[in-house]
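What follows is a set of notes on a single structure, which appears directly below.
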Amino acid sequence: MRSSLRQMVTCMWSARRLQRYLDADPSAPLTPGEIARIEEHLAVCAKCADSAYELHALHHALAGWSQRPEPDEASLTRLRGYLDELTGSPRGPHGQETP
Amino acid sequence: MPPPTRPALEDPARAFREHVEPQIEVMLRVALSLTGRRADAEDLVQESLLRAYRAIDRFDGRHPRAWLLTILRHTHVNMHRRRRPDTLADWDRVGDARPAFGAARQQSAEDTVVDGTLDEQLAAAVATLDPRFRAVLVLVDVDDLSYAEAAATLGIPVGTVMSRLSRARRRVREALGSDALSPGRQS
Numbered sequence: 004m005r006s007s008l009r010q011m012v013t014c015m016w017s018a019r020r021l022q023r024y025l026d027a028d029p030s031a032p033l034t035p036g037e038i039a040r041i042e043e044h045l046a047v048c049a050k051c052a053d054s055a056y057e058l059h060a061l062h063h064a065l066a067g068w069s070q071r072p073e074p075d076e077a078s079l080t081r082l083r084g085y086l087d088e089l090t091g092s093p094r095g096p097h098g099q100e101t102p
Numbered sequence: 014m015p016p017p018t019r020p021a022l023e024d025p026a027r028a029f030r031e032h033v034e035p036q037i038e039v040m041l042r043v044a045l046s047l048t049g050r051r052a053d054a055e056d057l058v059q060e061s062l063l064r065a066y067r068a069i070d071r072f073d074g075r076h077p078r079a080w081l082l083t084i085l086r087h088t089h090v091n092m093h094r095r096r097r098p099d100t101l102a103d104w105d106r107v108g109d110a111r112p113a114f115g116a117a118r119q120q121s122a123e124d125t126v127v128d129g130t131l132d133e134q135l136a137a138a139v140a141t142l143d144p145r146f147r148a149v150l151v152l153v154d155v156d157d158l159s160y161a162e163a164a165a166t167l168g169i170p171v172g173t174v175m176s177r178l179s180r181a182r183r184r185v186r187e188a189l190g191s192d193a194l195s196p197g198r199q200s
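Chain order of the listed sequences is G and F.
Plus 3 on top of the position in the first sequence (first one is 1) and you've got the numbering used here.
Plus 13 on top of the position in the second sequence (first one is 1) and you've got the numbering used here.
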């Protein structure tokens with residue numbers, strides 16, 4: 004009884020930090036102690052491990068989403084040329100700065 | 014003999030170019046998400062570059078991407094005053110949503126979950142999100158911005174980015190169903 008209650012509390016504690024653990028964003032770092040506690044929990048809790056996998060898979064699915072609109076290479080080239088005009092730094096034919 | 018190259022810090026134009034040039038692609042990608050139109054995205058980035066160059070004296074050299082995305086947001090708000098500042102355009106306005114280039118990304122084993130069926134399911138799930146949640150999800154998960162960069166782009170606190178992201182991901186997972194992202198899924 005006591006151990007299942009402890010497990011439930013740890014699940015809730017981990018769920019609240021799972022996004023920060025997986026994203027590892029510099030704006031919201033976890034402490035080394037928090038990271039160790041989450042990893043220990045994920046190693047023994049199938050439900051939280053599945054949740055972590057799904058979040059991870061969702062991020063990769065969205066990052067590789069073929070329906071995302073991609074910018075035009077011609078636009079990029081024009082914008083790089085515009086930056087060169089602004090800063091007075093024309094490039095050579097292969098992108099290197101001219102002396 | 015060519016003149017000696019001055020250190021970047023003594024040459025503001027050169028320093029500007031060194032900081033900004035690596036960020037142009039992400040600026041254009043985010044501008045495309047903001048405007049939903051390729052021509053508008055290019056115009057927005059060009060205007061933002063001009064404004065950034067004029068404001069170079071106020072740039073401290075740290076976090077150039079977040080600085081540029083903040084300028085991009087201000088410029089976008091000025092150019093499109095009627096749009097809510099913390100949302101993105103609908104992608105279907107872009108028309109040709111197929112990758113113009115850059116489609117050949119590094120694939121890992123886990124990317125194999127992104128098959129055609131999941132792509133369609135993702136599109137449907139993301140389309141039903143509240144625009145504020147969709148904006149954060151697209152900027153962080155699709156455009157690969159950090160929390161702070163997404164916050165700068167949308168003009169909201171980092172904590173709001175995190176809470177909206179959590180809700181957006183939960184809703185997309187719920188919409189996809191438990192099997193779509195499960196470990197046993199095969200492409």
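C-beta atoms are modelled at their ideal positions from N, C-alpha and C, and glycine is treated no differently.
Only a predicted model underlies this, so the values are computations on that prediction, with no experimental measurement involved.
| Check | Outcome |
| --- | --- |
| Three-way DSSP call (helix, strand, coil) for residue 74/F in this model | coil |
| Opening and closing residue of the alpha helix (DSSP H) in which residue 148/F lies | 144-150 |
| Residue 162/F beta carbon less than 8 Å from that of residue 82/F | yes |
| Short CB-CB distance (under 8 Å) between residue 112/F and chain G | Low confidence applies here, because residue 112/F scores a pLDDT of 36, under 50, leaving its location unreliable; read the following figure in that light. With 8 Å as the cut-off, residue 112/F counts as an interface residue toward chain G. |
| Positions along the region 68-91 of chain G whose CB lies within less than 8 Å of some CB in chain F | 68, 69, 70, 71, 72, 73, 74, 75, 76, 78, 79, 81, 82, 83, 85, 86, 87, 89, 90, 91 |
| Exposed unless 16 or more other CB atoms sit within 10 angstroms - verdict on residue 68/F | exposed |
| Residue 37/F: first and last residue of the uninterrupted alpha helix (DSSP H) it sits in | 37-48 |
| Sub-8 Å separation of residue 160/F and residue 31/G beta-carbons | yes |
| For residue 48/G, the three-state DSSP class (helix, strand or coil) | coil |
| Residue 89/F and residue 57/F closer than 8 Å at C-beta | yes |
| Bounding residues of the alpha helix (DSSP H) (the contiguous stretch that carries residue 34/G) | Neither: residue 34/G is in no alpha helix (DSSP H) and is coded neither H nor E. |
| Cβ separation of residue 149/F and residue 178/F, assumed to be a contact under 8 Å, to the nearest whole Å | 5 Å |
| Where residue 30/G meets chain F, residues with beta-carbon distance less than 7 Å | 159, 160, 161, 171 |
| Beta-carbon gap between residue 132/F and residue 66/G smaller than 8 Å | no |
| Per-residue burial, residue 143/F [other beta carbons within 10 Å of its own, 16 or more giving buried] | exposed |
| Nearest-angstrom Cα separation, counted from residue 169/F out to residue 146/F | 12 Å |
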